[in-house]
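Trainee: Structure below; questions to follow.
Numbering (my numbering), first residue to last: 10 to 222.
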């Protein structure tokens, strides 16, 4: 009988405790406006930190793009300048070979006239005529060699001009990329500065709300 009484008392005690706990929970007040402001401030601060981290990552990525653009631009300018030097060299070679070719042509014309005179004066099979024919053949060989050099110089010149023009297009493209990446980097920096201001303001609001002012 005593054991049964003790069990009943225990059950009643537990039930009473539950009622007290439920009543206390039911009577617990909702968060006050001050507590709600503090929670909102903390949330704003977390969002500000996320925004700041993202904008810094974007800014750093843009800066790497800028550095890469500068490197590409420097390389393309060096290539363009080297091609321009090759063009200048090709032009000098072309001019020299043209001068040589023209001189050989004048020698050929002179040899033809001399051969015609010697054939008429000494005969076709004369020693003078044979010597003129030998000179004429040598000058034609030289003239043909100079013409081959001219043709080769033209090919080199055309190739170097094509390379120079391609490098110039690369330079123009690099300049556009660099300008765009700098614009993006500057915008990201503005966003960072704004995020810092927002973070500072939200921290100030949090301190004020904690003080209850």
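Ideal Cβ positions, reconstructed from N, Cα and C, are used throughout, including at glycine.
Within this structure, are the beta carbons of residue 215 and residue 51 separated by less than 8 Å?
Mentor: yes
Trainee: Could you check what DSSP says for residue 9 in three-state terms: helix, strand or coil?
Mentor: The shown model of the chain, from 10 to 222, leaves out residue 9, and the question about it has no answer.
Trainee: Counting Cβ pairs closer than 8 Å, one from the stretch 145 to 160 and one from the stretch 119 to 134, do we hit at least three?
Mentor: yes
Trainee: Anyone know if the C-beta pair for residue 183 and residue 67 falls short of 8 Å?
Mentor: no
Trainee: Is the stretch 67 to 81 in contact with the stretch 156 to 164, if contact means three or more CB pairs nearer than 8 Å?
Mentor: In short, these stretches do not touch, since the Cβ pair count stays below three.
Trainee: Using a Cβ-Cβ cutoff of less than 8 Å, which residues in the same chain neighbour residue 162 once the five nearest sequence positions on both sides are dropped?
Mentor: 99, 102, 103, 106
Trainee: Report, in whole angstroms, the separation of the C-beta atoms of residue 92 and residue 169, which I expect to be a contact under 8 Å.
Mentor: The C-beta separation of residue 92 from residue 169 comes to about 5 Å, placing the pair in contact by the 8 Å criterion.
Trainee: Three-state secondary structure (DSSP) at residue 204?
Mentor: helix
Trainee: Give a yes or no on whether the C-beta atoms belonging to residue 47 and residue 190 are separated by under 8 Å.
Mentor: no
Trainee: Under 6 Å Cβ to Cβ from residue 207, same chain only, skipping five residues before and after it: list those, please.
Mentor: Exclusion of the five residues before and after residue 207 leaves 57 as the residues of its chain whose Cβ lies within less than 6 Å of its Cβ.
Trainee: Does the distance from the C-beta atom of residue 230 to that of residue 173 stay below 8 Å?
Mentor: A query on residue 230 cannot be resolved here, the shown segment of the chain reaching from 10 to 222 and no further.
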